[in-house]
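J.: Quick one: this structure, given as structure tokens, is what I'll be asking you about.
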Amino acid sequence: MARQKEARQRMNYQDAWIASLSSGDTVVEHWVPDDFSPWTRLMNYCKDHNIYLTNLRLTVCSKTIALKPNALGYWQAHQQSYLLGAGDIPIVRGIGFVDGDIVKIVWGIRTPTNQPYFWSEKRSIEGQGCIIWSPSKNTIQV
Numbered sequence: 011m012a013r014q015k016e017a018r019q020r021m022n023y024q025d026a027w028i029a030s031l032s033s034g035d036t037v038v039e040h041w042v043p044d045d046f047s048p049w050t051r052l053m054n055y056c057k058d059h060n061i062y063l064t065n066l067r068l069t070v071c072s073k074t075i076a077l078k079p080n081a082l083g084y085w086q087a088h089q090q091s092y093l094l095g096a097g098d099i100p101i102v103r104g105i106g107f108v109d110g111d112i113v114k115i116v117w118g119i120r121t122p123t124n125q126p127y128f129w130s131e132k133r134s135i136e137g138q139g140c141i142i143w144s145p146s147k148n149t150i151q152v
């Protein structure tokens with residue numbers, strides 16, 4: 011748990027997801043100590059204000075990847091990577107959008123040489139929680 015907290019404290023604006031909302035607002039991933047994750051807070055905010063995402067971007071080392079605008083829904087995840095060396099715990103971030111019955115995901119990480127590295131994958135929508143849906147779906151799954 012201490013390693014997670016330390017890693018979260020090292021997250022900064024240059025490595026973050028950026029959400030465009032139907033209200034015209036923009037939300038940048040921001041961790042608050044002892045609070046829900048930024049994505050959970052965003053899900054709750056969208057539900058409480060009856061708004062949704064119109065786009066989602068991922069920035070790593072000042073390089074930004076944008077997803078398909080106005081998708082049926084958007085997905086986000088992050089994890090710690092213990093594969094890159096002792097002492098440092100890079101954060102692997104993923105964002106995705108719903109396309110039919112799959113989630114198309116872009117993962118990004120800051121390498122030990124401080125360079126962005128991105129890759130993509132597809133997953134079945136089955137079992138993928140934490141999707142913020144557009145009004146056409148009109149539900150938020152947790």
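Numbering (my numbering), first residue to last: 11 to 152.
Ideal Cβ placement from N, Cα and C applies to all residues, glycine included.
Alpha carbon to alpha carbon, what distance is there between I75 and S134?
T.: Mapped onto the sequence shown, residue 134 falls at position 124. Mapped onto the sequence shown, residue 75 falls at position 65. Their Cα atoms are separated by approximately 22 Å.
J.: Measuring only the C-alpha atoms, how far is P145 from N54?
T.: Reading the sequence shown from its first residue, position 135 is the one you call residue 145. Reading the sequence shown from its first residue, position 44 is the one you call residue 54. When rounded, the distance between both Cα atoms is 15 Å.
J.: Taking only the alpha-carbon atoms, compute the straight-line gap between V70 and G110 and give it to the nearest angstrom.
T.: Your numbering for residue 70 matches position 60 in the sequence shown. Your numbering for residue 110 matches position 100 in the sequence shown. Their backbone Cα atoms lie some 27 Å apart in a straight line.
J.: Identify which residue in R103, I112, P79 has its Cα closest to the Cα of A26.
T.: Counting from one through the sequence shown, the residue named residue 26 turns up at place 16. Closest by alpha carbon: R103.
J.: Among residues of its own chain, excluding the 5 on either side of S32, which ones have a beta-carbon nearer than 6 Å to its beta-carbon?
T.: In the sequence shown, counting from the first residue as 1, residue 32 sits at position 22. For S32, where only same-chain residues beyond five positions count, the Cβ hits under 6 Å are I61, Y62, T64.
J.: Cutting at 6 Å between CB atoms, please list the residues of its own chain near K132, excluding the five before and the five after it.
T.: Taking the sequence shown and counting its residues from 1, one reaches residue 132 at position 122. So the qualifying residues of the chain are I112, K114.
J.: Looking only at its chain, what residues have a beta carbon closer than 6 Å to the beta carbon of S47, apart from the 5 residues adjacent to it on each side?
T.: Locating residue 47 in the sequence shown gives position 37, where the first residue counts as 1. Taken in chain order, the list of residues that qualify is empty.
J.: What would DSSP say about W27, mapped onto helix, strand or coil?
T.: Taking the sequence shown and counting its residues from 1, one reaches residue 27 at position 17. In this structure, W27 counts as strand in the three-state DSSP scheme.
J.: Going by the DSSP bridge assignment, what does P126 pair with across the sheet?
T.: Taking the sequence shown and counting its residues from 1, the one referred to as residue 126 is at position 116. Paired residue(s): R120.
J.: Applying the criterion that 16 or more other CB atoms from any shown protein chain within 10 Å of the CB defines a buried residue, is G118 buried or exposed?
T.: Within the sequence shown, residue 118 is the residue found at index 108, counting from 1. Looking at its Cβ environment, which holds 16 or more other Cβ atoms inside 10 Å, G118 is buried.
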